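Protein chains in written order, with our numbering: chain A, 24 to 489; chain B, 24 to 489.
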């Protein structure tokens, strides 16, 4: 229903490239596609059908302002005449100077496109970058592009970077078209993306990131506030259309899981959501429902990221809720540590492993995903009603029940041995023509392992028998 | 319509992670989600609606077989007791040895999942990897996972890698759900993915790839054959259901565009498609329609990747078709060189810039996308019928008409200057605390450029006035 009642959101899909071959060092050309459907013409009753004719409505092409003539280059490189011009079929070759990189090229092409077609910055709902040029192993190009949207206040733009050599552009085109055809187009989730340097991996030769710990926590909490605000607004709009005018609060979620850099951060985050609920509540509700928070009613979200008195009061006020809604989801993180990309889904598995299908059936599980740089979403899972034996829910829950046992079956190694293995990882990080040392019997049965990296960096894997 | 008539394709979505912080060097945990809808229960008449309740039906969690106790580590690191166990809320920390990497972890978790739920390998239609662990800047983890599907013969599996710090898992989850809800689920495109080392970038500290040129051309042509075969099969099935039983050939495409590593490769590829048509044709048609190819009727596709006599005959036989359907699309590549990820879309822009809206209206444009490693798709664009002044098609085509003029307005630099700039790129590739040299007036108006990289690798950009 939302599809027709909100401003038309559009897709901005961006395919980008930097050419780097051993023969011809660096040339560049970006292309952006701006695509949106005619969805607003679909009658209200049919909003759950695919919009027709999703496609490309605008294209932007950018290339650098200089080129080298290929006949000249044949002479200069002392190769036979025609090698490039006839053999490759190429007369000129554009290339980038050091003033341009993957980020600047994308900034240029997005801004040119938006200006040329006069598309309002706040009307974009998705933007994805397809590239094979990695200048940071963690921070997506997409996050840098969020700078362009800053003045519009639009940070709810889905899509990040997608990569596989020259196929990234096509993958992002397919993803964007799927998004247009799906219910996600105006789905119930709040996304916040912005350009931040809180945790990133610009040193490509290193396994380690650059981390600004304090900034990263602030970014996480700000993103949480923004995403939750947006999610609540959307669900309240849906309720309003259905005739119910009441605020959404954590009471509407039976469970709440979070991306978990470390477990304490999650407890603080749940407390933070309660603070959001508290600030949105009426004075009466503030007094009756949120004991111990009376002193903080006049504060603003953005002024409280380092308020320790508030933190303490919130942790206390939300302790029961934490024990009930979130604690079980931290089992895996507690026993395994930060899991990065899979962290949120490790929490989901932990939650399932600690509850019965009957307990979970029909519940709504809130989920907050965060990636530095930054990209974040608040969304929710609805658990199916059917918890009968053999039901999909029953099977899913059963499959996670051995988590504690599996975790307990791991081998404990000493800090000395741990340090030695970490040193090995550093030592072998870029090594070629080698087979990793170690006994494969120390792996769980059925585990794949790296058998060899050959002199051409090609990797061979083998599997320990089940 | 296809949704109900082909074997149920399923989504395998995989979120993966390798943890690397300056504090705690390396821990690992992958999670895989296997999700499919109950789409097959939807009545035939409603196949253009969203399937209901797309979600997670299975989860697989894997963690390494060893951990280090956090109380032990507090003592070993000589930090205050409770720093990790209470401060971070963590009692144990799993980590990987050198025997495991992002690829092996994903291999393990996918295989465990498939075996546990006994899902046939040929029933998977999409698999996407969300990770922040880059061990190759070009080759996706997804391509390595294709090894697992090899015996089943299933190479038509969409989705590649998606990245932004810890958000990649959620992005791939959203993409997978969108795919389920979209028409792409059984859309008209042929995809081929496999694990190949034809072109890749395993040396993260270098701008340059490792290239096996001969292998890459063979991989490209084999992928083209496979994708085209799959695309033709799907469209012929659609026609059959509509009552028409005839083969699809290049005659059904008014234009054909290709990923363009170099222009000659594209001409060879169009010729290759004609060879596909030729081999599928009846003897009568072979003789009447494909002059000069008589001698090659008994060959098999897979035996002809280096047959020079065949290449010559095919280039000759397809020359007219090339001039008519493909040549115009190579304008940008001819004048700018290889454009990598954006290459195919540069061809689309070139094609549009060389034809009027009237000429293009109602046509079907075939498109072949290829990324080494490898991932490839054959699909098509349908151009809208309405070419009237002010129509979306008219606007799109008009917007590309200045391409030749813009290309001509670039500055020609000498091979010496080109070489100097390439050397600068190498020299500055990893440099921090610097501002790129060069006159920003040499950029096109409105171009963003890299202004500074600070000592923390943070990048600042500025824009040349329009």
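We put the CB at the ideal spot given by N, CA and C, even for glycine.
Given the structure is predicted, the values throughout are model-derived calculations rather than measurements.
For residue 445(A), the enclosing alpha helix (DSSP H) has its first and last residue at 438–451. In the DSSP assignment, residue 281(A) falls within the beta strand (DSSP E) that extends over 278–281. Taking residue 212(A) as the centre and dropping the five residues before and after it, the same chain places the C-beta of 254, 400, 401, 402 closer than 7 Å to its C-beta, in chain order. Below the 9 Å Cβ cutoff, chain A contributes 433, 434, 435, 436, 440, 441, 444, 465 as neighbours of residue 89(B), in chain order. A check of alpha carbon separations from residue 178(A) across 144(A), 154(A), 208(A) identifies 144(A) as the nearest. Secondary structure of residue 250(B) (DSSP, three-state): helix. Counting other Cβ atoms within 10 Å of its Cβ, residue 356(B) reaches 16 or more and is therefore classed as buried. With respect to the C-alpha of residue 82(A), the residue from 368(B), 430(B), 396(B) having the closest C-alpha is 368(B).
Boundaries of the alpha helix (DSSP H) around residue 374(A): 366–376. As computed with DSSP, residue 181(B) is found in a beta bridge with 149(B).
At least one CB of chain A lies nearer than 7 Å to the CB of residue 115(B). Secondary structure note for residue 105(A): it is in no beta strand (DSSP E), with a DSSP letter that is neither H nor E.
DSSP assignment within the region 117–163 of chain A yields the following whole beta strand (DSSP E) runs of 3 residues or more, N-terminal first: 147–153.
Each of 104(A), 215(A), 85(A) was checked against the Cα of residue 92(A), and the nearest Cα belongs to 104(A).
In this structure, the beta-carbon distance from residue 376(B) to residue 414(B) does not fall below 7 Å. Nearest in C-alpha terms to residue 466(A), of all of 98(B), 117(B), 484(B), 73(B), is 117(B).
The straight-line gap separating the alpha-carbon atoms of residue 193(B) and residue 153(B) is approximately 8 Å. Runs of the alpha helix (DSSP H) spanning 4 or more residues and lying entirely within the region 270–318 of chain A occur at 286–303, 306–312, in chain order. Residue 201(A) is positioned such that its CB atom lies no closer than 7 Å to that of residue 471(B). With its beta carbon at least 7 Å from every one in chain A, residue 221(B) lies outside the interface. Taking 7 Å as the Cβ-Cβ cut-off, the region 82–107 of chain A approaches chain B at 82, 84, 86, 88, 89, 90, 91, 92, 95, 96, 99, given in chain order. Cβ contact annotation for residue 354(A) (same chain, cutoff 6 Å, sequence separation greater than five): 373, in chain order. In the DSSP assignment, residue 358(B) falls within the unbroken alpha helix (DSSP H) covering 354–359. Taking the beta carbon of residue 367(B) as reference, the chain A residues within 7 Å of it are 192, 193, listed in sequence order. Burial is judged here by how many other beta carbons sit within 10 angstroms of a residue's own beta carbon; residue 100(B) has fewer than 16 and is exposed. Any Cβ of chain B closer than 7 Å to the Cβ of residue 287(A) would place that residue at the interface, and such an atom is present. In the same chain as residue 235(A), and ignoring 5 residues on each side of it, the C-beta atoms closer than 6 Å to its own belong to 221, in chain order. For chain B, the residues of the region 167–194 of chain A that bring a beta carbon within less than 8 Å of one of its beta carbons are 167, 170, 181, 182, 183, 184, 185, 186, 187, 188, 189, 190, 191, 192, 193, 194, in chain order. For the 7 Å CB-CB criterion, residue 430(A) and residue 358(A) form a contact. If you draw a straight line from the Cα of residue 146(B) to the Cα of residue 209(B), it is about 12 Å long. A check of alpha carbon separations from residue 461(B) across 469(B), 443(B), 417(B) identifies 443(B) as the nearest. Between residue 85(A) and the set 451(B), 432(B), 454(B), the nearest pair of CA atoms involves 432(B). With a beta-carbon spacing of about 13 Å, residue 459(B) and residue 487(B) fall beyond the 8 Å limit used to define contacts.
Under the DSSP assignment, residue 422(B) falls in the alpha helix (DSSP H) whose first and last residues are 415–422.
Judged by their CB atoms, residue 182(B) and residue 155(B) are not nearer to each other than the 7 Å cut-off. Judged by DSSP secondary structure, residue 92(A) falls within the beta strand (DSSP E) whose first and last residues are 89–92.
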